[in-house]
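The structure appears below as structure tokens.
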Amino acid sequence: MSDTKLIAERFANDGGGEESPPAPGLFRRMRAEPLLPEAGAGGAPLTAVIAVMSFLAALALAAFIIIASAAGAWTSELRSALTVQIKGADAATIVSLTQAAMEVLNSTEGVVEARALSPEESAKLLEPWLGKGNVSAYLNIPAIIEVQITDDLRRDIGLLRTRLDAAAPGAVIDDHGEWHQRLATAARSGQALAFAVFVLIMGAAFAISMFAARAGLAANSEIVSLLHLVGATDDFIAGQVQRRFLVLGVRGSLTGLLGALLALGLAALALRASGGAADFLPELKLGPSLVLPLLVVPFALCLVTAATARTTVLRTLAKEL
Amino acid sequence: MIVGFENVGLAYEGQPEILADLEFTLGEGEFRFLTGPSGAGKTSLLKLIYLAHRPTRGRLTLFGEDVTSAPREALPALRRRIGVVFQEFRLLDHLTAFENVALPMKVAGVNQNQYREDVRELLNWVGLGDRINARPPTLSGGEKQRVALARALVTKPDLILADEPTGNVDPVMGEKIMKLFVELNKLGAAVIVATHDLSLISALDKPTVVLREGRLSPDGSEPQRKTARR
């Protein structure tokens, strides 16, 4: 038998032609070689753009987390602290009123700790305004009592106010309510801003992926047409594009995340080195509580880019034959 | 019936009809030569059959299914039953000869273990066993044509369409390819070979239809060898 006859017998349809071959499994698709060439949708520029977006999104999310954690710490500190200020006509009156107030505070349930500042400590608080010197010799500096209280007492602060007023008339309780309110508002604004930036970046990722998928499809139109002619479904072609975008997304977003972690690490070192500034700025520590939530960024970016590319391709192909 | 044209016309957007009033049938296991002068519309007619275009009028059936208005989702399964040797080869430059031949199987989701040997065997048969990893830009026109032929056959199609399949190969390979079509046809595949090579047509005793200025000659499904030879 000639080799032509042999090959013909080998490749003659045996009547099973009406059956479609089995659909490819997800694992096999993921392992398959890409059919769309790398140059199609501008691989390197798209990876770079995704990396930048990942970097910014990670910083925005880090800001959100840091502000939330700092605001929590600050407000909880303020919630558990109050200050009692005692004024008097002379030093002796101030001392006796302070003792009376301390007795009330020490006997009140919910007061964790009450500590009267010494005259020297009180005078030191005035140094930024009055300068160094024997200020207490010339002024009747009010006594200051720092008090740590429980949440229960905070809710019932009016009772403490009444009792203190009876024992030490003129005593002023500063429960830091105004500060607490301001801090909470500032924290909420900061968090909202950080979240808005994060959402905007995801929106930009969506738009860029859509344009890139369309451009990639246009650049590979000959290949897409051939794939259709040899029996590819839209889903198969969309899967190819989606896989490509997923690879670019993983590459770009992980690069961006690493860049953001590096930047945050450097900022943490700078804050620690600056010393004083750390007292006023939120604490920045690259621990699991900050790094783990940031893993959401590459995941979200990959999801957005791959899903957008797939949807865009399916919509575009639906207009063709 | 494998292919059925009923009063089919094709016009590209805003252009006059390039194919008109086509009446043509191809039954199971039939062989047709399609010939006619350059620009007569042979390639456009094949494009209708391999579903690159839909008719702008009339009715076209493939494997008994009306494809004139069939939903897009129905087309891939029909296309997988057709093996096409394109005139311009249409190979993917970034894939190797092996990957190009395997493309229809890959697209259909067939496991590589199931088609690896088939692809190698076909490439060996067309004389490219030693160029299995070569990419099209490094292949000659004839070699590309042979890869395109192997790709058309790898799925064991019910219908083989070949557009000038011997145009770039030497006479020996051309004869070999035509013999293969004849053998595949004997084993049940329907075959349409578009060519203007009259010596090719005269070498085989097969029915021929002639296309002139977008119209098939009357009773186009009947043998037209004399007309073709003229």
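So the sequences go chain by chain: V and Y. So the first sequence is numbered by the numbering used here: it starts at 1 and just counts up by one. So the second sequence is numbered by the numbering used here: it starts at 1001 and just counts up by one. C-beta atoms are modelled at their ideal positions from N, C-alpha and C, and glycine is treated no differently. Small disclaimer: the values here were computed from a predicted structure and weren't measured.
P298/V has a beta carbon lying at 7 Å or more from every beta carbon in chain Y. The C-beta distance from D90/V to N140/V rounds to 6 Å, short enough to fall under 8 Å. For H1196/Y, the nearest beta carbon of chain V is not closer than 7 Å to its own beta carbon. For A12/V, the C-beta contacts it makes with chain Y under 7 Å involve K1156, L1184, L1187, G1188, A1189, in order along the chain. The beta carbon of I65/V sits closer than 7 Å to the beta carbons of L290, P293 from its chain, once the five residues preceding and following it are set aside; these are given in chain order.
With 16 or more other CB atoms across the displayed protein chains lying within 10 angstroms of its CB, R251/V is buried. The alpha-carbon of Q1114/Y is positioned some 44 Å away from that of E1017/Y. Residue contact with chain V for A1011/Y: absent (no Cβ-Cβ distance below 7 Å to any residue of chain V). Relative to A1152/Y, the option among S1140/Y, L1139/Y, I1177/Y whose CA is nearest is I1177/Y. Interface with chain Y (7 Å Cβ-Cβ cutoff): G216/V is excluded. Not a single C-beta of chain V is nearer than 7 Å to the C-beta of V1003/Y.
In the displayed model, V1126/Y falls within coil according to three-state DSSP, outside both helix and strand.
Listed along chain V, the residues sitting closer than 7 Å to P1076/Y by beta-carbon distance are G231, A232, T233.
Rounded to the nearest whole angstrom, the CA to CA distance from G249/V to A196/V is 22 Å.
Under the Cβ criterion of 7 Å, K5/V is counted among the residues facing chain Y. Between the alpha carbons of L1075/Y and K1106/Y lies a gap of roughly 17 Å.
If you draw a straight line from the Cα of E1121/Y to the Cα of R1032/Y, it is about 27 Å long.
Counting only Cβ-Cβ distances below 7 Å, P288/V has no contacts in chain Y at all, with the closest Cβ about 42 Å away. Contact of E1121/Y with chain V by beta-carbon distance below 8 Å involves I7, R10. Listed along chain Y is no residue with a C-beta nearer than 7 Å to that of F245/V; the closest approach is about 18 Å. Annotation: the continuous alpha helix (DSSP H) that includes L1149/Y extends over 1141 to 1153. Going by DSSP, T1166/Y is part of no alpha helix (DSSP H) at all; its letter is neither H nor E. The Cβ atoms of T1208/Y and E1164/Y do not sit closer than 7 Å to each other.
Taking the Cα positions, A268/V is about 21 Å away from L193/V. In the structure shown, I144/V adopts extended strand secondary structure according to DSSP, grouped into three states. For V313/V, the enclosing alpha helix (DSSP H) has its first and last residue at 296 to 318. Burial is judged here by how many other beta carbons sit within 10 angstroms of a residue's own beta carbon; W1125/Y has at least 16 and is buried.
Interface criterion met: the Cβ of L226/V is under 7 Å from a Cβ in chain Y.
Looking at the DSSP output, I86/V shares a beta bridge with A143/V.
Taking 7 Å as the threshold, the shortest C-beta distance from K1179/Y to chain V falls below it. Residues of the segment 1086 to 1109 of chain Y that bring their beta carbon within less than 9 Å of a beta carbon in chain V comprise F1086, R1090, L1091, L1092, D1093, H1094, L1095, E1099, L1103, P1104, M1105, K1106, V1107, A1108, G1109, in sequence order. Under the Cβ distance rule, L1153/Y counts among the residues neighbouring chain V, one pair being separated by less than 7 Å. Measuring C-alpha to C-alpha distances from T1056/Y to each of F1005/Y, R1116/Y, L1161/Y, T1155/Y identifies F1005/Y as the nearest. Straight through space, the alpha carbons of L262/V and A57/V are spaced by roughly 14 Å. According to the DSSP secondary-structure assignment, G1009/Y is paired through a beta bridge with R1057/Y. R1079/Y has a beta carbon lying within less than 7 Å of a beta carbon in chain V.
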